[in-house]
Each structure stands twice: as C-alpha cells, then as structure tokens.
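Numbering (the numbering used here), first residue to last: 108 to 744.
Backbone N, C-alpha and C fix where the C-beta goes; we use that ideal spot for every residue, glycine too.
In what follows, a single structure is set out as structure tokens and then discussed.
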C-alpha cells in the first residue's frame with residue numbers, strides 16, 4: 108500500500124509540469140496538420156514561401172512544401188566544416204543557421220549563411236564565445252535575435268557555475284544591443300537542459316522550446332527590467348529542438364520530432380479570444396510589430412492581401428461578418444435653432460429596430476446645393492456641460508465645420524449622453540462594462556453614414572469623420588470598414604502600443620485571431636489611399652507617431668502612389684484633447700479635400716476665428732424630453 112502511494116506521488120510529481128501547462132494554456136492550442144518523414148530532422152528547421160529547410164547536426168535538406176520532395180541538400184565537408192548546427196531562419200533569400208561547437212569547452216558560436224535557392228554556403232559571422240552555446244537565430248522587427256544556452260551538464264568541465272539561458276538582440280551589423288533572461292518558473296522546469304529553439308510568432312510574441320519537453324513557452328518583452336514575461340505555456344507534440352513560424356502562411360508552425368526524424372506542421376488555434384487592451388505592448392514592442400508588418404509587405408498586391416485579411420479579422424472580431432439587416436432609419440428631427448451662419452437640430456434614428464442613436468445635426472445657414480457631410484464622434488471626455496457631445500469644445504468643432512459649409516452630425520457614443528437603453532448595465536459606466544459596446548458603436552457609426560447620405564443636401568462622395576480619443580478609435584475603425592468615408596482625421600489615438608483604454612474600444616477580439624494580427628496604426632493605414640490627417644501629441648500614447656506610426660502608414664500610401672494624401676501634425680507640447688490648435692489643422696484639411704470655404708471662419712487678420720458661437724446647454728440638445736418622449740418601441744439591453 109505504501110509502495111502504491113509512493114508510486115502515485117512520484118507520478119503526480121513527474122506530471123506536475125505538464126499539468127501546470129494545461130492549466131495555464133487558457134487560449135492557444137496546436138492542431139497537427141501534417142507529418143513528413145525526413146532524415147535530416149535532428150536539430151532545427153526554417154521555412155520560406157515555398158520550401159522547408161530541415162537542419163541536422165552537419166547537414167541541411169531543402170524540401171518542397173507542397174510535395175514533400177527533397178530538392179537540394181548540403182553536407183559539411185573539410186572545406187566547409189561545422190560542428191553543431193541548430194535552428195535557422197530564411198531572410199531575403201538567405202538561410203541563416205545558429206552554429207556552436209557543442210559540447211566542447213570553451214563554447215564558441217557563429218551564424219552560418221547559405222543561399223536559400225542554391226543551398227551554396229556563402230558566409231559566416233562569428234559570435235562572442237562568452238555567451239554560452241548558440242541554439243537559434245531569428246529575425247523580427249528589424250533586429251536579429253539569438254538564443255544562447257547554458258547546459259548544466261557542462262558546468263564541471265567549464266570550471267564555473269552554469270548560467271541561465273539568455274536572449275540577445277542584435278542590430279543589422281551584428282552589434283549586441285540588449286539581453287534578456289527567462290523567468291524562474293521556466294528555468295526551474297527545464298534544468299538541466301536549456302532553450303533549444305525560439306521563433307517570433309504571428310501574435311507578436313516569442314515562442315520557445317526546451318529540448319524534449321512537450322510544450323511551448325510563449326513570452327514577451329517586459330515593460331521594465333531584463334526578464335522575459337511569461338504569457339502562456341502550451342502543450343504540443345513536438346519533441347525536437349528547433350521551431351519556425353511560417354511568415355507567409357499565417358499561423359502555421361513547423362517543428363521536428365527528433366527521435367522519429369519527422370517534420371511536424373501545426374496550426375495555432377485559440378480556444379477563446381485573445382484581447383489586446385490598454386498598453387498591451389511596450390513602446391518598443393509596438394515599433395517592432397509595425398516593422399514586422401512592413402517587412403512582410405513589399406508591394407501593393409501584398410498590402411491589399413494583408414488589408415483584406417485584416418478587415419475580415421476585424422469584422423469577425425466585431426461579429427459583423429454577417430451584419431444585421433439595415434432597416435428603416437425612422438429619423439426623428441426636431442427643435443431647429445438658428446444662429447449666426449448655422450442651425451442646430453436634435454436628431455435620433457434607429458440603427459437597429461428599437462435602438463436609437465441620438466445626437467445633433469449642424470447645418471450651414473440657408474444651405475443650398477450638395478455639400479459634404481462630416482461625422483463627429485465625441486470620445487470619452489467628461490465635464491463640463493455633461494461631457495460627450497455636450498462639451499463646449501465639441502460644439503465649437505461641429506459649429507465651425509458647419510459654418511465652413513458642411514452638414515455635421517454629432518452623435519452619442521454607447522452609454523453616453525442619451526444612449527441609455529441599457530437596463531442591465533450601470534449608467535453612466537455602460538461603455539466600461541458592456542463587452543460588446545465596440546460592436547454596437549461601430550454599427551451605429553455605419554448607420555450614421557446612412558443617415559447623413561439620406562439627407563437631400565449631402566454629397567455621398569464627400570463623407571468625412573473626425574474624433575479624438577475613443578472618437579479617434581471610431582474614426583479609423585469606421586474608415587477602415589466603410590469605403591463611403593472619403594476623408595478621415597483621427598486625433599490622439601493612432602498608436603502601435605496602446606489599444607484603447609476601455610471595453611468600448613478593445614473589449615472584443617478585433618486586433619488578433621487565428622487569421623490576423625493588427626494594431627491601431629495598422630488599422631489607420633486601411634484608410635489608404637483616401638485622404639487622412641493624423642493628429643498626435645507629445646504627452647500621451649501618440650508621442651511616437653512622427654517616428655513610428657506615421658512612417659508605417661505613409662509607406663502604405665506610397666504603395667498606392669498617394670503619399671500626398673496622408674499627413675501628420677504632431678504637437679509636442681500638447682496633451683490628450685481636441686483643442687483649438689488641433690481643430691484648426693483639421694478645419695484646413697477638410698477645407699482642402701472637401702472644398703469647404705475656410706474664409707467663412709476667418710477674421711479680419713486672416714486667422715481662424717471660433718468666437719461668436721453659442722454654447723448650448725445640454726437640456727436644449729436633448730432629443731428625448733417631456734415634449735418628445737422616447738418611442739415606446741425602444742428596446743433595452
């Protein structure tokens with residue numbers, strides 16, 4: 108009985124790491140698609156668009172992806188001696204392989220290089236002998252990444268205490284820039300062995316293998332410090348060393364089973380959505396992600412392929428791939444007020460049967476002919492005057508654009524102002540708790556375009572949108588998904604590392620799925636080649652826009668030959684708002700591309716003048732009140 112209990116305890120102890128893996132892996136799993144029997148499958152693997160490069164200790168086999176047939180081989184000889192090859196990566200037609208003198212002491216390392224087409228050896232780069240044993244090399248975000256192992260069993264021979272494995276980042280001249288170590292919870296499980304293969308995945312995270320352990324460790328660079336952050340541990344049936352993500356076939360992972368001499372092709376799946384919220388990335392990770400996106404797109408065809416995949420991914424994440432039927436708007440328009448050069452009316456329409464989008468319609472006084480229509484989502488700005496569309500600065504923007512000759516619709520975002528049809532969600536924090544707020548908000552914006560176009564004086568070819576903060580998110584989301592938007596001005600929100608501060612922006616998986624990966628800068632690029640002005644500032648998450656996000660978006664416009672249609676105005680000393688200086692550049696941009704009359708808002712000194720605007724009280728702007736009650740058919744969530 109005692110022996111039986113000891114055996115059970117021992118088995119439980121041995122299974123503990125795998126049990127922990129299964130518990131920790133809440134999201135990812137790998138579906139095995141195909142297995143190839145390949146004799147070189149001993150150390151590592153690399154892939155490009157058409158071929159698999161299977162790496163043995165002293166040989167490499169090149170195999171056709173479709174047929175599995177070997178097309179070329181390379182074997183070490185006296186003129187091209189190698190001791191111990193490891194995993195590799197194909198970059199711009201060259202195969203780069205990690206190489207070491209394992210298991211000799213002292214440890215020496217290099218990166219060996221072949222022409223991927225001919226498999227002829229073309230070069231080498233020697234690495235520092237003091238780092239450990241080089242086990243893998245990868246390319247991501249404009250940098251080289253190399254892993255160095257410190258194997259416990261070599262400790263006595265090296266006459267010094269074994270160190271932990273490390274990851275080094277190198278620039279294009281192979282100069283070491285930064286170093287990271289692995290978290291203790293991993294090190295404790297893998298000793299006495301070390302990391303044997305890592306590859307940057309399609310999710311922008313580093314996936315690592317530890318020799319024979321049947322699991323992958325998913326890590327990311329930390330916001331602070333030098334220890335990689337553990338994101339997930341995923342069981343898998345790879346039992347060899349190297350792995351390689353396919354950069355041309357999204358979500359495919361290649362690995363080997365060393366003992367069986369097999370190449371295994373896996374597909375990353377998600378059991379549930381992976382959300383990117385708030386400061387999901389560090390600034391550097393955001394920059395590297397955009398760099399990686401850029402390196403995967405070399406021409407217009409490749410961009411449009413990526414753009415289609417991204418749009419589909421966003422629509423799937425929003426659950427709008429099969430959108431609701433567009434029923435009648437049943438618009439309610441009342442309480443017209445006339446002011447100097449403009450009028451205001453209170454408006455509601457049904458975006459869904461029984462759900463009302465509420466707002467205000469600003470028109471040029473005595474409007475004649477066909478004019479541009481501009482949407483103004485308000486963002487998450489609170490007091491004064493009730494916040495949202497009632498804020499004085501928001502009213503000023505809408506009035507000024509109307510004075511310039513546009514018909515402007517300002518509408519409540521979900522859970523703000525009169526958007527109160529949420530019985531099960533605490534008002535006014537609905538937008539923070541209603542997990543599908545971004546779905547409803549985006550649908551409301553699409554229907555707001557329908558509403559503008561339904562007005563007899565609005566030109567359907569001149570529809571614009573502009574907003575700041577959460578209104579900026581709606582600006583680039585709507586523009587990305589609705590081609591009717593001709594000009595967009597997202598303000599203080601186009602960031603590669605920040606994904607929105609509340610559920611109403613990032614509460615659904617619009618940024619990541621099994622088939623796509625994106626961020627706010629990449630979504631803003633989906634506006635191309637339509638005119639777009641990105642306004643950023645120096646004190647929030649858009650502080651890097653001129654050097655990180657804007658160059659990426661500008662390059663997308665370059666593929667269309669439309670570089671002159673994308674602009675960035677960066678206000679280094681300003682903060683997170685849609686203040687006067689930001690509004691002025693937006694007015695000029697809309698005037699330029701919509702033919703609006705900028706002279707209408709200029710004073711005698713030829714300066715844009717926002718004075719002589721009546722700031723209405725919120726009670727005047729309500730659509731629904733005792734005289735105009737909300738219709739009885741209104742639904743609640």
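{"Asked": "CA nearest to the CA of residue 565, picked from 503, 468 and 538", "Found": "468"}
{"Asked": "Close-in-space but distant-in-sequence residues of the same chain around residue 170 (CB under 6 Å, 5 per side omitted)", "Found": "159 and 177"}
{"Asked": "Given residue 167 as reference, the closest of 174, 173, 156 and 187 once Cα atoms are compared", "Found": "187"}
{"Asked": "Element boundaries [beta strand (DSSP E), containing residue 169]", "Found": "166 to 171"}
{"Asked": "Beta-ladder partner(s) of residue 200, from DSSP", "Found": "Answer is none; residue 200 lacks a bridge partner."}
{"Asked": "Span separating the alpha-carbon of residue 181 from that of residue 355", "Found": "24 Å"}
{"Asked": "Residue 163 to residue 145 span [Cα, whole Å]", "Found": "10 Å"}
{"Asked": "Spatial distance of residue 498 from residue 489 (CA atoms)", "Found": "8 Å"}
{"Asked": "8 Å Cβ cutoff met for residue 142 and residue 165", "Found": "no"}
{"Asked": "Separation of residue 379 from residue 493, as counted between CA atoms", "Found": "38 Å"}
{"Asked": "Buried versus exposed, by CB contacts within 10 Å (16 or more), residue 316", "Found": "buried"}
{"Asked": "Length at least 3, wholly inside the segment 334 to 381: the beta strand (DSSP E) runs in chain order", "Found": "336 to 342, 350 to 352, 359 to 364 and 369 to 377"}
{"Asked": "Beta-carbon gap between residue 484 and residue 581 smaller than 8 Å", "Found": "yes"}
{"Asked": "Sequence-distant residues of the same chain with beta carbon closer than 6 Å to residue 353, five excluded per side", "Found": "154 and 359"}
{"Asked": "Through-space distance from residue 135 to residue 322, alpha-carbon basis", "Found": "11 Å"}
{"Asked": "Three-state secondary structure assigned by DSSP to residue 243", "Found": "strand"}
{"Asked": "Whole-angstrom distance between residue 376 and residue 127, CA atom to CA atom", "Found": "With a pLDDT of only 34 at residue 127, under the threshold of 50, the placement of this residue in the model should not be trusted; the figure read from the coordinates follows. Each residue's Cα considered, the two are about 19 Å apart."}
{"Asked": "Residues bridged to residue 232 (per DSSP)", "Found": "218"}
{"Asked": "Pairwise C-alpha distance: residue 622 and residue 349", "Found": "23 Å"}
{"Asked": "Backbone secondary structure at residue 664 - three-state DSSP", "Found": "helix"}
{"Asked": "Contacts around residue 662, its chain only, beta-carbon distance under 7 Å, and the 5 residues preceding and following it disregarded", "Found": "401"}
{"Asked": "Segment contact flag, the segment 655 to 675 with the segment 629 to 647, C-beta cutoff 8 Å, min 3 pairs", "Found": "yes"}
{"Asked": "Start-to-end residues for the alpha helix (DSSP H) that takes in residue 582", "Found": "577 to 588"}
{"Asked": "Whole-angstrom C-beta distance between residue 508 and residue 685, which should lie under 8 Å", "Found": "Going by Cβ atoms, the distance from residue 685 to residue 508 rounds to 12 Å, so no, they are not a contact pair."}
{"Asked": "Pair within 8 Å by beta-carbon distance, residue 333 and residue 286", "Found": "yes"}
{"Asked": "Exposed unless 16 or more other CB atoms sit within 10 angstroms - verdict on residue 218", "Found": "buried"}
{"Asked": "Within 8 Å, strictly: CB atoms of residue 575 and residue 518", "Found": "no"}
{"Asked": "Spatial distance of residue 721 from residue 249 (CA atoms)", "Found": "52 Å"}
{"Asked": "Three-pair Cβ contact test at 8 Å for the segment 703 to 710 versus the segment 727 to 741", "Found": "no"}
{"Asked": "Proximity of residue 583 and residue 599 at Cβ, strictly below 8 Å", "Found": "no"}
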